[in-house]
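Trainee:
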Amino acid sequence: MSASGSALPAPSVGVIGGGFWGVALALAASRTGAEVLLYSRREQPQLKGGPRVVRDHAEVARARLLVIAVPSNAARTALRALGDHMDGSHLVIHGVRGLEGEALKTVSDLVREETPARRVGALGGPVQEDELREGRPSAMVCGSRFPEVHAAVTAAFQSEALRVYTTPDLQGLEWASALVGCLAIGVGFAEQAGAGPGLLAALISRAVDSAARIAAAAGAEERTMLGLGGYGDLLASIRLEGRPEVVLGKALARGRTLDEAVAEARLRVEAIPLIPRVVAFAKARRVDAGVFEALETILKGGAPRAVLDRMFAA
């Protein structure tokens, strides 16, 4: 049964994914007064008095605005299970920092393939999980071609502590979020390897420029990568020593193996399988991917000095 067929009052927001990011998004929405359902397979004792945890896709799909907050490798399966309980009235957004498979499909592509929803969007920008969870001031971006999606996301999430910006460039925001995750590894690596402020600024500027050209080759607008959803997101990572990608990069610069670095990061790092796919994508389209080739070298255990020289020369 679809959400529109339920006799019960429809909740405002349904969040699918009980990890750190899903919980943070559910808490942020509940602070605006929204009635929030969180689909989670695990217990969430910290949510007492806030979002209500459910374990049934049909129940969470009673919400008109659905938020997908699962890893990219689990997104298709989650959407397929959810799609049986949806119809064209649903608005679907996601906060996934990854692209699927060798084809580098965005999660909005998967939403269209696996569900009847067509009004889709994505969340991105510099906001971090702990800021959302604790209600500290921050900002995020909603990307969608549909004004009603922007309106619903703003109503659900914007508060005194959280500003929601919007862009019609959904493709650009999804690619920017994914590519920033990759570049954040380089930021952590460079900092640990001894790059000073000047060199770090040069590396970041060149890296963002390279990422913008790659995103444009995928159909995005270059300026999206240069805005809050790209540059702003990456700048935030400089101050976040606990961001998994930054932790991973620093561990690799200290000589840890990739497995050891992943263990230190503790959370799944979407960028690890994504980086070589981005390199292949760029080469196939004859777009310079020097920075991402350097990131691939980092994952393979390249020496810090040599990698920094490669990144700067890109």
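Numbering follows this note's numbering, in which position 120 of the sequence shown is assigned residue number 1302; successive positions increment by one, without gaps.
Glycine included, C-beta positions come from ideal geometry on N, C-alpha and C.
#1: How should D1351 be labelled, buried or exposed, when 16 other C-beta atoms within 10 angstroms of its C-beta is the threshold for buried?
#2: Going by C-alpha distance, which of H1276, A1299, G1204 is nearest T1288?
#3: Considering H1276, what are the terminal residues of the beta strand (DSSP E) in which it resides?
#4: Between the C-alpha atoms of A1418 and P1426, what's the straight-line distance to the nearest angstrom?
#5: Tell whether a beta-carbon distance below 8 Å holds between V1205 and L1219.
#6: Shortest alpha-carbon distance to L1286 belongs to which of A1360, R1450, L1385?
#7: Determine which residues share a DSSP beta bridge with I1386 and list them.
#8: In the DSSP assignment, the alpha helix (DSSP H) including V1235 goes from what residue to what residue?
#9: Using CA coordinates, which residue listed in I1480, A1435, G1437 is at the minimum distance from P1455?
#10: Quick check on V1197: does DSSP put it in helix, strand or coil?
#11: Excluding the five sequence neighbours on either side, which residues of its own chain have a C-beta within less than 8 Å of the C-beta of A1334, listed in chain order?
#12: Return the chain-ordered list of same chain residues with a C-beta closer than 8 Å to the C-beta of V1444, the five sequence neighbours on each side being excluded.
#13: Who are the near neighbours of L1178 in its chain, counting only those whose CB is closer than 7 Å to its CB and skipping five residues on each side?
#14: Between the alpha carbons of R1318 and A1466, how many angstroms are there, rounded?
#15: Counting only runs of 3+ residues fully inside the segment 1279-1337, write out the beta strand (DSSP E) ranges in chain order.
#16: Below 8 Å between beta carbons: does that hold for E1475 and V1461?
#17: Please classify R1279 as buried or exposed, where buried requires at least 16 neighbouring CB atoms within 10 angstroms.
#18: If we count the other Cβ atoms within 10 Å of its Cβ and call it buried at 16 or more, is D1415 buried or exposed?
#19: In the structure shown, what three-state DSSP assignment does T1348 receive?
#20: Just the C-alpha distance for S1222 and Y1347, rounded to the nearest angstrom, thanks.
#21: Just how far apart, CA to CA, sit I1198 and V1252?
Mentor: Checking against the coordinates, here is how it stands:
#1: Against the sequence shown, residue 1351 aligns to sequence position 169. Classification of D1351: buried, given that the 10 Å Cβ count is 16 or more.
#2: Within the sequence shown, the letter at position 106 stands for residue 1288. Of the listed residues, the one whose Cα sits closest to T1288 is H1276.
#3: If you number the sequence shown from 1, residue 1276 lands on position 94. From DSSP, the beta strand (DSSP E) with H1276 extends over 1273-1276.
#4: Looking up residue 1418 in the sequence shown gives position 236. Looking up residue 1426 in the sequence shown gives position 244. Spanning the two alpha carbons is a distance of roughly 13 Å.
#5: For the purposes of this step, residue 1205 is identified with residue 23 of the sequence shown, where counting begins at 1. For the purposes of this step, residue 1219 is identified with residue 37 of the sequence shown, where counting begins at 1. Going by C-beta atoms, V1205 is not nearer than 8 Å to L1219.
#6: As a working note, residue 1286 is residue 104 in the sequence shown. Minimum Cα distance to L1286 is reached at A1360.
#7: As a position in the sequence shown, residue 1386 is number 204, starting the count at 1. None; I1386 has no bridge partner.
#8: Position 53 of the sequence shown, counting from 1, holds the residue named residue 1235. Counting along the chain, V1235 falls outside any alpha helix (DSSP H), though it belongs to the beta strand (DSSP E) covering 1234-1236.
#9: Translated into positions along the sequence shown, residue 1455 becomes position 273. Minimum Cα distance to P1455 is reached at I1480.
#10: For the purposes of this step, residue 1197 is identified with residue 15 of the sequence shown, where counting begins at 1. Three-state result, V1197: strand.
#11: Against the sequence shown, residue 1334 aligns to sequence position 152. Cβ within range, chain order: R1246, L1247, L1273.
#12: Here the question's residue 1444 lines up with position 262 in the sequence shown. The residues are L1430, V1451, I1454.
#13: Because the chain in this structure spans residues 1183 to 1496, residue 1178 falls outside the shown range and cannot be described.
#14: Numbered from 1 along the sequence shown, position 136 holds the residue referred to as residue 1318. Numbered from 1 along the sequence shown, position 284 holds the residue referred to as residue 1466. The straight-line gap from Cα to Cα measures roughly 42 Å.
#15: Along the segment 1279-1337, the beta strand (DSSP E) occurs as fully enclosed runs of 3 or more residues at 1301-1306, 1320-1325, listed in sequence order.
#16: Here residue 1475 is taken as the residue at index 293 of the sequence shown, counted from 1. Here residue 1461 is taken as the residue at index 279 of the sequence shown, counted from 1. Result yes, Cβ atoms of E1475 and V1461 sit closer than 8 Å.
#17: As a first step, residue 1279 is located in the sequence shown; it is residue number 97 there, counting from the start. Its Cβ being crowded by 16 or more others within 10 Å, R1279 is buried.
#18: Here residue 1415 is taken as the residue at index 233 of the sequence shown, counted from 1. Buried, since its Cβ has 16 or more Cβ neighbours within 10 Å.
#19: Along the sequence shown, read from residue 1 onward, the residue named residue 1348 stands at position 166. Strand, per DSSP.
#20: Locating residue 1222 in the sequence shown gives position 40, counting from the first residue. Locating residue 1347 in the sequence shown gives position 165, counting from the first residue. For S1222 and Y1347, the distance between alpha carbons rounds to 28 Å.
#21: Your numbering for residue 1198 matches position 16 in the sequence shown. Your numbering for residue 1252 matches position 70 in the sequence shown. Taking the straight line from one Cα to the other gives about 7 Å.
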